[in-house]
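Okay, so the sequence shown: first residue is 1 according to full-length UniProt numbering, each after it adds one. Note that the Cβ used here is the ideal one computed from N, Cα and C, for glycine as well. Presented below is the structure to which this report refers.
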Amino acid sequence: MHSHAEPRGTRSLLIALGVTGSIFLVELIGGAIAGSLALVSDAMHMLSDSTGLVVALVATLMASKAANAKATYGYKRIEVFAAMLNAVTVAGVSIWIVVEAFNRLSNGAVNNASTTLLIGTIGLVANIISALVLHRDREHSMNIQGAYLHVLVDLFGSIAVIIASILMLSFGWFWADTVASLIIAALILPRAMQLLWNALNVLLERVPANVDTNEIRQSLESLECVTAVHDLHVWSLDGAEILATCHLVVETPVTTDCDLLDRAQAALKHHGVGHSTIQIEVSGHGAHEEVCHHS
Numbered sequence: 001m002h003s004h005a006e007p008r009g010t011r012s013l014l015i016a017l018g019v020t021g022s023i024f025l026v027e028l029i030g031g032a033i034a035g036s037l038a039l040v041s042d043a044m045h046m047l048s049d050s051t052g053l054v055v056a057l058v059a060t061l062m063a064s065k066a067a068n069a070k071a072t073y074g075y076k077r078i079e080v081f082a083a084m085l086n087a088v089t090v091a092g093v094s095i096w097i098v099v100e101a102f103n104r105l106s107n108g109a110v111n112n113a114s115t116t117l118l119i120g121t122i123g124l125v126a127n128i129i130s131a132l133v134l135h136r137d138r139e140h141s142m143n144i145q146g147a148y149l150h151v152l153v154d155l156f157g158s159i160a161v162i163i164a165s166i167l168m169l170s171f172g173w174f175w176a177d178t179v180a181s182l183i184i185a186a187l188i189l190p191r192a193m194q195l196l197w198n199a200l201n202v203l204l205e206r207v208p209a210n211v212d213t214n215e216i217r218q219s220l221e222s223l224e225c226v227t228a229v230h231d232l233h234v235w236s237l238d239g240a241e242i243l244a245t246c247h248l249v250v251e252t253p254v255t256t257d258c259d260l261l262d263r264a265q266a267a268l269k270h271h272g273v274g275h276s277t278i279q280i281e282v283s284g285h286g287a288h289e290e291v292c293h294h295s
């Protein structure tokens with residue numbers, strides 16, 4: 001069990017933040033000295049990642065707070081807001097990179113390829129370290145998963161910077177630096193949009209992608225004594241834990257409610273539902289309540 005003092009992933013986020021923040025400063029200064037858009041682009045992405053890691057770290061700590069009378073579900077959804085903020089920031093950075101890259105192509109800028117190669121190599125090593133640290137916890141939090149994906153993109157960005165530097169040193173192709181920055185943007189934007197979409201799905205309380213509500217309904221309807229299932233709702237608070245509510249209709253009052261509840265909860269747990277609220281009602285009760293019909 002993980003203590004509230006140090007929620008899962010906190011140490012990994014702190015290590016990644018230290019590494020990413022340091023490389024941001026190195027790449028920003030080196031990019032300015034070398035005149036490399038690819039390095040400055042990667043530095044700006046490092047800055048967005050550092051900001052995202054700070055937000056993720058704060059959100060992780062806040063999400064570990066226990067539920068109370070005013071927040072009966074706790075604060076886990078803060079992590080989703082943090083992931084969405086991170087995605088929007090990274091998407092904005094990628095658009096800036098594209099605009100700046102086309103300006104560079106038209107101006108024919110020249111840079112110091114040796115400095116670019118050195119700092120790109122340092123960035124690659126740092127990104128490998130961060131990726132390895134975050135990899136172990138990425139399945140347990142949308143925040144950490146987003147941080148891991150962004151570090152992975154940074155890793156490929158560093159590779160693009162190194163390849164561009166080698167081309168500049170070997171053939172004098174200074175446009176390769178600008179093309180590398182466009183490649184970095186192309187790597188960043190899809191990841192950012194995917195994370196943004198996943199966060200929006202959670203905030204909109206849509207059914208998680210790995211859950212089939214038709215299969216859940218069939219499992220519940222196959223239970224002994226159950227004649228129908230309605231008001232089935234499945235959602236997630238944080239993109240990881242799945243919750244569900246439903247009404248089970250029976251022909252006559254069930255005297256062994258606990259047994260039916262146990263079987264129903266077991267069926268839901270089989271489909272990955274970690275927390276459920278189930279209402280048992282007789283067949284005539286539906287006329288006395290508003291039922292949410294699905295299209």
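Beta-carbon separation of V211 and L220 under 8 Å? Taking the C-beta atoms as reference points, L220 is found no nearer than 8 Å to V211.
With DSSP as the reference, please indicate the residues paired to V226 in a beta bridge. Its beta-bridge partners are V250.
Looking at the structure shown, is R11 part of a helix, part of a strand, or coil, going by DSSP? Of the three classes helix, strand and coil, the one that applies to R11 here is helix, per DSSP.
If I'm right that L85 touches V55 with Cβ under 8 Å, what's the distance once you round it to whole angstroms? Confirmed, about 6 Å.
Same chain, Cβ closer than 6 Å to R263, neighbours up to 5 away in sequence not counted: Only L223 meet the Cβ criterion.
Anyone know if the C-beta pair for V229 and I119 falls short of 8 Å? No, Cβ-Cβ distance for V229 and I119 is not below 8 Å.
Under three-state DSSP, which class holds H270? It is helical.
By DSSP, does D259 sit in helix, in strand, or in coil? DSSP places D259 in helix when its eight states are reduced to three.
Excluding the 5 residues flanking I242 on each side, which residues of the same chain have their C-beta closer than 7 Å to its C-beta? The residues are P208, V211, V234, S236, G272, V273 and G274.
Decide if Q145 is buried, meaning its Cβ has at least 16 other Cβ atoms within 10 Å, or exposed. Burial call: buried.
Excluding sequence positions up to five away, which residues of its chain have a Cβ less than 8 Å from the Cβ of A5? Residue placement at A5 is poorly supported in this model, since its pLDDT is 46, which falls under 50; the coordinates are not used for a value here.
Take A32 and list the residues in its own chain whose beta-carbon comes closer than 8 Å to its own, dropping the five residues that flank it on each side. Cβ neighbours of A32 beyond the five flanking positions: V40.
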